[in-house]
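All residue numbers for the sequence shown refer to numbering that gives the first Met the number 0, where the first residue is 0 and numbers rise by one.
Even for Gly, the Cβ is constructed at its ideal location relative to N, Cα and C.
As the structure is a prediction and not an experimental result, all values here were calculated from the model.
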Amino acid sequence: MTKKEALSIVFSCAPLYKENLVDRSLLFITTDKHKNVHCLEVTFDIGNFLHMTGFKLRKSGINARHFFNLCYDKRLTEADFDFSADGTTEMKMRVLPSLMKKNLSAKMLGDYNMSQPKLYTDKIAGSLSACMGFVRDGGEGRFVPNTVLEGDIRTKVKAADRIIATYRKSRSEEQYSEIVFTAKKVEWEKIVLPDEYSYLVLPE
Numbered sequence: 000m001t002k003k004e005a006l007s008i009v010f011s012c013a014p015l016y017k018e019n020l021v022d023r024s025l026l027f028i029t030t031d032k033h034k035n036v037h038c039l040e041v042t043f044d045i046g047n048f049l050h051m052t053g054f055k056l057r058k059s060g061i062n063a064r065h066f067f068n069l070c071y072d073k074r075l076t077e078a079d080f081d082f083s084a085d086g087t088t089e090m091k092m093r094v095l096p097s098l099m100k101k102n103l104s105a106k107m108l109g110d111y112n113m114s115q116p117k118l119y120t121d122k123i124a125g126s127l128s129a130c131m132g133f134v135r136d137g138g139e140g141r142f143v144p145n146t147v148l149e150g151d152i153r154t155k156v157k158a159a160d161r162i163i164a165t166y167r168k169s170r171s172e173e174q175y176s177e178i179v180f181t182a183k184k185v186e187w188e189k190i191v192l193p194d195e196y197s198y199l200v201l202p203e
């Protein structure tokens, strides 16, 4: 992959990230193999985009927010960045477009199984081909994205719970109302949500 090709990808992904995810939170509703219901909330900022690209910035003057704005305005140049030496930049470029959706194209969610020695992340959401990793912001509080990964999520998590619904809200909203993903063949009448999210309107 050339730098020109990588720039084309981030230039097309930045507007999608802003439109679908920036300053928003997603709430994943999952069921495990015992049919227990779990919820995970993740939040997206402009500054998370740099982690998702794997770009190594050459100039100390470009911070993560500035990087996103340069991508959004199509002003980042080949002289501004290098690829990571371990090949992860190219890998991230291959999967980034499919993850810039309202629901991240995610069908499963799980705890990272430490299968890749150099990778630090905590929760992984994704599909059979692309995933996004999340860590607690500052070690506590909300989960934020810190990486994207190529490949089958089932090889990267301890147990892949099924995402049955994904909700989205803007940061200013108190509660979730917009549904951006619904799984098929779910017995919704049997789903009991945790008290914190009991207000949610489940799909029919």
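Under the three-state reduction of DSSP output, THR76 falls in the coil class, being neither helix nor strand. VAL36 places its beta carbon less than 8 Å from that of LEU192. Taking the Cβ atoms as the reference, ALA182 lies roughly 13 Å from ALA159, outside the contact range of under 8 Å. The three-state reading of DSSP puts PRO96 in helix, counting H, G and I together.
When DSSP reads this structure, MET131 sits in a beta bridge with ALA124 and VAL147. Residue pairing by DSSP places THR42 opposite SER24 in a beta bridge. VAL36 has THR30 as its beta-bridge partners, per DSSP. Per the C-alpha coordinates, the member of ASP31, ILE162, ASN62 and GLY53 positioned closest to ALA84 is GLY53.
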